[in-house]
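Counting in this note's numbering, the sequence shown runs from 3 upward without gaps.
Have a look at the structure below before the remarks.
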Amino acid sequence: MSSEEANQPDRPELVRRLLSLYRRELPMTVVTVLITILGAGAELLPHNFIRMAINYLQEWARVGPLNVWPFAVLIVLTYLIHNLLRFAMSISRMDLSTRLSNRLRSGIFSACQRHSLTFHKQTTSGDLISRATADVQRMARFLYSGIFGLLDIAVFVLGAVVMLVWINWRLALVVLVPFPIAVFLTLRLGMKVRRIWRDSREAYGDVTTTIQENIAGARVVRAFAQEHTEESKFKDRSEHFLGKVIQAIEYWVIRMVGPNFVFGLVMPVAVLYGGMLALAGRVDVGDIFFCFSIMQPIQRRLREVMQLVDVYQRAAAASERVFEVLDEEPSIQSNPGAKPMPPSPENIGASVVFEDVSFGYEPGKPVLRDIRFEAEPGATIAIVGHTGSGKSTLISLIPRFHDPVAGRVLLNGADVRDIRLGEVRREVGIIFQETFLFSASVRENIAYGRPEASMDAIREAAKAARAHDFILGMDDGYDTVIGERGETLSGGQAQRIAIARAILLDPSVLIMDDATAAVDSETERLIRETMKTVSEGRTNFIIAHRISSVAHADQIIVLEDGQIAERGTHAELYATDGIYRRICDQQFGVLT
3 MSSEEANQPD
13 RPELVRRLLS
23 LYRRELPMTV
33 VTVLITILGA
43 GAELLPHNFI
53 RMAINYLQEW
63 ARVGPLNVWP
73 FAVLIVLTYL
83 IHNLLRFAMS
93 ISRMDLSTRL
103 SNRLRSGIFS
113 ACQRHSLTFH
123 KQTTSGDLIS
133 RATADVQRMA
143 RFLYSGIFGL
153 LDIAVFVLGA
163 VVMLVWINWR
173 LALVVLVPFP
183 IAVFLTLRLG
193 MKVRRIWRDS
203 REAYGDVTTT
213 IQENIAGARV
223 VRAFAQEHTE
233 ESKFKDRSEH
243 FLGKVIQAIE
253 YWVIRMVGPN
263 FVFGLVMPVA
273 VLYGGMLALA
283 GRVDVGDIFF
293 CFSIMQPIQR
303 RLREVMQLVD
313 VYQRAAAASE
323 RVFEVLDEEP
333 SIQSNPGAKP
343 MPPSPENIGA
353 SVVFEDVSFG
363 YEPGKPVLRD
373 IRFEAEPGAT
383 IAIVGHTGSG
393 KSTLISLIPR
403 FHDPVAGRVL
413 LNGADVRDIR
423 LGEVRREVGI
433 IFQETFLFSA
443 SVRENIAYGR
453 PEASMDAIRE
463 AAKAARAHDF
473 ILGMDDGYDT
483 VIGERGETLS
493 GGQAQRIAIA
503 RAILLDPSVL
513 IMDDATAAVD
523 SETERLIRET
533 MKTVSEGRTN
543 FIIAHRISSV
553 AHADQIIVLE
563 DGQIAERGTH
573 AELYATDGIY
583 RRICDQQFGV
593 LT
């Protein structure tokens, strides 16, 4: 067995987990089971009444006229009941599978909210979309036809076998013996097809990732005239996905020749043997007709076994990918016994302490090493350094986007890992370098952290971020719907709305991760003046490349290769011939 196969969940476990989903909608499941059993049983009745009518007609040929109209009424009535039950079964199965698939999609969405940023860096958005849509759809198909299809087959076939044995056990034996052989040959196909379908789902994830990335990066693609390259890449991945699907279909079709051949033998053998019994007077004509008529729905159901095996293998491959997301424990969550956020000194922000903190995204590859500093309540700390020095990684440890591999980060004297995660993040407001806005109104985007905020509070936050005036100039003011990812706004406008969003949260710690990088010099000046007021009563962290944005900080920390290389005020650091001085000089001595 390959290592890949060994790491895959076994089939009984997957079946158990798939079937356990029905418990989430137990009343509807029970109703559907009852309707399925009644529908399968009701389908046997018309065949039996036709058998009885033919036998009575055979008797009529020997002893004279008999009244057979009651049989006609019973046949029509039972056909009607059967069809009504089949209709009810389809409706209930569709309702149930839709409810369960919606639960699965909601579960994946909730899992994505819980998982850390490390998880999202390791898993592409296209792959997650594929799992939440196409994979869930394949599981929904199994939930629709899986247990209920097998139950329908079992009830009908068992009832038919009992009736056939009761009528003539020899004829029943001839008719039924080939079917277990065909079913056995069908089930042998299962594992191989499952592996092929899983490969196809992985390939489909690559296709959706390509689509998602191309849509998100449309401007980059056109700016570098790479449309043909992207089309070629998409074509290659699509053809790879298509090849996997065709491989699974071909494997299935070729190996179904054996079971289909066995099915084809049943009818001629039954005709030959049944005719011999009828000529010998050991079976009635109606009984032979019942045998022939019941074989068609039996064969149809046993062919459904083949389809159900295929449906299950697709669902098993899909469920492995879905359960991977649902089962993975979030690497960042509130520790057992986590406590509320310790109170901050009134109106002066929270204290933040880094105690010998080290961190790396991968084992043995540290990004930060032995970081040690303290930010007093109300202080402004600037983090500067060359690209890749670890600035954004450092501040990401405060709201627990990641946890240190060594050392501690303290908020108001408590390790952030011992504080309830939700409270930590409500106390830490962040203005990111890359602005993300939702496809919603301006008002909803500003109030994202505080949906209950009043309109007056939203306006005040917008005014503080110098966004109020341009918002009023929009067609619908604060009710204007922003396009996807804020594409209808300029970079500076989008950033000012993001700043308003952070201000409205009213956090004790405010982080600006190069938040003015996307605005012009005049807008930066206005925001910088505003932030002097906004920063009052808060502990502030500023990451910026422009020295003008950090020169006023109480303490400037210079990072180099993940370590603190220098620290001090602007005047102190500029007076030394170090990294900070060189950064200032590179900006033409703006504040020299």
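Where is the CB? At the ideal position from N, CA and C, for every residue including glycine.
Exercise. Would the beta-carbon of Met297 fall within 8 Å of that of Val177?
Worked result: Against the sequence shown, residue 297 aligns to sequence position 295. Against the sequence shown, residue 177 aligns to sequence position 175. Yes, the pair counts as a contact, with Cβ atoms nearer than the cut-off.
Problem set entry | Candidates Leu561, Arg584, Gln589, Ala577, of which the one nearest Ser550 by Cα | The sequence position of residue 550 within the sequence shown is 548, counting from 1. When only C-alpha atoms are compared, the closest one is Gln589.
Problem set entry | Alpha-carbon to alpha-carbon, Thr382 and Asp556 | Here residue 556 refers to the residue found at position 554 when the sequence shown is read from its first residue. Here residue 382 refers to the residue found at position 380 when the sequence shown is read from its first residue. Roughly 5 Å separates the two Cα atoms.
Exercise. The alpha helix (DSSP H) spanning Ala573 covers which residue range?
Worked result: Numbered from 1 along the sequence shown, position 571 holds the residue referred to as residue 573. Its alpha helix (DSSP H) spans residues 572–576.
Exercise. What number of angstroms, rounded off, separates the C-alpha of Ser443 from the C-alpha of Met141?
Worked result: For the purposes of this step, residue 443 is identified with residue 441 of the sequence shown, where counting begins at 1. For the purposes of this step, residue 141 is identified with residue 139 of the sequence shown, where counting begins at 1. Those two C-alpha atoms are separated by around 36 Å.
Exercise. Is it a yes or a no for the stretch 97–108 touching the stretch 27–34, going by three-plus beta-carbon pairs under 8 Å?
Worked result: Inter-segment contact for the stretch 97–108 and the stretch 27–34 is present: three or more beta-carbon pairs are separated by less than 8 Å.
For this session: Would you mind reading off the limits of the beta strand (DSSP E) that contains Thr382?
Result: Walking along the sequence shown from the start, residue 382 turns up at place 380. 382–387 is the extent of the beta strand (DSSP E) around Thr382.
Problem set entry | 8 Å Cβ shell around Arg284 - same chain, five flanking residues per side excluded | For the purposes of this step, residue 284 is identified with residue 282 of the sequence shown, where counting begins at 1. Answer for Arg284: Asn170, listed in chain order.
For this session: Could you tell me which of Thr126, Ile251, Leu175 sits nearest to Ala272, measuring between CA atoms?
Result: Position 270 of the sequence shown, counted from the start, is the residue given in the question as residue 272. Nearest option by C-alpha distance: Leu175.
Problem set entry | Cβ-based neighbour list, Ser360, same chain, cut-off 7 Å, excluding 5 preceding and 5 following | Translated into positions along the sequence shown, residue 360 becomes position 358. Contacts found: Pro368, Leu370, Arg371, Asp372, Pro406, Val407, Ala408, Gly409.
Exercise. DSSP state of Thr490, grouped into three classes?
Worked result: For the purposes of this step, residue 490 is identified with residue 488 of the sequence shown, where counting begins at 1. Three-state result, Thr490: coil.
Problem set entry | alpha helix (DSSP H) segment containing Gly148, residue limits | In the sequence shown, counting from the first residue as 1, residue 148 sits at position 146. Per DSSP, Gly148 belongs to the alpha helix (DSSP H) from 138–169.
For this session: Identify, in the order they occur along the chain, each residue of the same chain with its Cβ nearer than 7 Å to the Cβ of Gly479, setting aside the five sequence neighbours on each side.
Result: Here the question's residue 479 lines up with position 477 in the sequence shown. The answer, listed in chain order, is Ile473.
Problem set entry | Per DSSP, the bridge partner or partners of Ile559 | Along the sequence shown, read from residue 1 onward, the residue named residue 559 stands at position 557. Ile559 is bridged to Ile385, Arg569.
For this session: Report buried or exposed for Asp137, applying the criterion of at least 16 other Cβ atoms within 10 angstroms of its Cβ.
Result: If you number the sequence shown from 1, residue 137 lands on position 135. Classification for Asp137: buried.
Exercise. So who's on the other strand from Asp417, going by DSSP bridges?
Worked result: By 1-based counting over the sequence shown, the position of residue 417 is 415. Residue pairing from DSSP places Asp417 in a beta bridge opposite Leu412.
Problem set entry | Val70 beta carbon less than 8 Å from that of Tyr58 | On the sequence shown, residue 58 is found 56 positions in, with the first residue counted as 1. On the sequence shown, residue 70 is found 68 positions in, with the first residue counted as 1. Their beta carbons are under 8 Å apart, which means Tyr58 touches Val70 by this criterion.
Exercise. Should Ala318 and Leu16 be called a contact, given that it needs their Cβ atoms to be closer than 8 Å?
Worked result: Counting from one through the sequence shown, the residue named residue 318 turns up at place 316. Counting from one through the sequence shown, the residue named residue 16 turns up at place 14. In this structure, Ala318 places its C-beta atom within 8 Å of the C-beta atom of Leu16.
For this session: Please say whether Val354 and Ile421 have beta carbons closer to each other than 8 Å?
Result: Numbered from its first residue, the sequence shown carries residue 421 at position 419. Numbered from its first residue, the sequence shown carries residue 354 at position 352. Remark: C-beta atoms of Ile421 and Val354 do not approach each other more closely than 8 Å.
Exercise. What separation, rounded to the nearest whole angstrom, lies between the Cα atoms of Ala205 and Glu364?
Worked result: What you label residue 205 is simply residue 203 of the sequence shown in a count that begins at 1. What you label residue 364 is simply residue 362 of the sequence shown in a count that begins at 1. If you take the alpha carbons of Ala205 and Glu364, they lie about 26 Å apart.
For this session: Note down the Cα distance separating Phe111 from Thr389, rounded to an integer number of angstroms.
Result: Against the sequence shown, residue 111 aligns to sequence position 109. Against the sequence shown, residue 389 aligns to sequence position 387. Approximately 33 Å between the Cα atoms of the pair.
Problem set entry | Between the CA atoms of Gly380 and Pro342 - distance to the nearest angstrom | Stepping through the sequence shown from its first residue, residue 342 is reached at position 340. Stepping through the sequence shown from its first residue, residue 380 is reached at position 378. Their Cα atoms are separated by approximately 21 Å.
Exercise. Based on Cα-Cα distance, which residue from Ser456, Pro509, Gly43, Arg583 lies nearest to Met165?
Worked result: The residue given as residue 165 occupies position 163 in the sequence shown. The shortest C-alpha separation from Met165 is found at Gly43.
For this session: Compare the C-alpha of Asn85 against each of Leu507, Ile513, Glu45, Phe291 and name the closest.
Result: As a first step, residue 85 is located in the sequence shown; it is residue number 83 there, counting from the start. It is Glu45.
For this session: Starting from Met514, follow its DSSP beta bridges and name the residues at the other end.
Result: The count along the sequence shown starts at 1 and reaches residue 514 at position 512. Beta bridge pairing from DSSP links Met514 with Ile433, Ile544.
Exercise. If we call anything under 8 Å between Cβ atoms a contact, is Ser394 one with Gly564?
Worked result: Taking the first residue of the sequence shown as position 1, residue 394 is located at position 392. Taking the first residue of the sequence shown as position 1, residue 564 is located at position 562. Contact flag unset, no.
For this session: Go ahead and label Ala74 buried or exposed: buried means 16 or more other beta carbons lie within 10 angstroms of its beta carbon, across all protein chains shown.
Result: Sequence index remark: in the sequence shown, residue 74 carries index 72 (1-based). A residue is called buried when at least 16 other Cβ atoms come within 10 angstroms of its Cβ; Ala74 does not meet this threshold and is exposed.
For this session: Give me the Cβ distance between Ser94 and Ile37, rounded to the nearest whole Å; I'm assuming they're in contact under 8 Å.
Result: For the purposes of this step, residue 94 is taken as residue 92 along the sequence shown, with counting starting at 1. For the purposes of this step, residue 37 is taken as residue 35 along the sequence shown, with counting starting at 1. That pair is a contact at about 6 Å.
For this session: Could you pull out every residue in the same chain whose Cβ sits closer than 6 Å to the Cβ of Gly109, ignoring the five residues on either side in sequence?
Result: Translated into positions along the sequence shown, residue 109 becomes position 107. Excluding residues up to 5 positions away in sequence, Leu328 lie with their Cβ nearer than 6 Å to the Cβ of Gly109 in the same chain.
For this session: Using a threshold of 8 Å, state whether the C-beta atoms of Ile513 and Ala467 are closer than that.
Result: For this step, residue 513 is matched to residue 511 along the sequence shown. For this step, residue 467 is matched to residue 465 along the sequence shown. For Ile513 and Ala467, no; Cβs fall outside 8 Å.
For this session: Could you name the residues of the same chain whose beta carbon sits closer than 7 Å to that of Ile448, not counting the 5 residues immediately before and after it, in chain order?
Result: If you number the sequence shown from 1, residue 448 lands on position 446. When the five nearest sequence neighbours on each side are left out, the beta carbons in the same chain lying within less than 7 Å of the beta carbon of Ile448 are those of Ile460, Ala463, Ala464, Ile499, Ala502, Arg503, Leu506, in order along the chain.
Exercise. Taking all protein chains shown into account, do 16 or more other C-beta atoms lie within 10 angstroms of the C-beta of Glu429, making it buried, or fewer, making it exposed?
Worked result: Counting from one through the sequence shown, the residue named residue 429 turns up at place 427. Per the 10 Å Cβ criterion, buried.
Problem set entry | Same chain only: Cβ atoms within 6 Å of Asp208, ignoring 5 sequence neighbours per side | Indexing the sequence shown from 1 puts residue 208 at position 206. These residues qualify, in order along the chain: Arg239.
Exercise. Taking C-alpha atoms, which residue in Phe292, Asp579, Asp508 lies nearest to Trp168?
Worked result: Along the sequence shown, one-based indexing puts residue 168 at 166. When C-alpha distances from Trp168 are compared across Phe292, Asp579, Asp508, the shortest belongs to Phe292.
For this session: In the DSSP assignment, find the alpha helix (DSSP H) that holds Ser353 and state where it starts and stops.
Result: Numbered from 1 along the sequence shown, position 351 holds the residue referred to as residue 353. Ser353 -> no alpha helix (DSSP H), and no H or E assigned at all.
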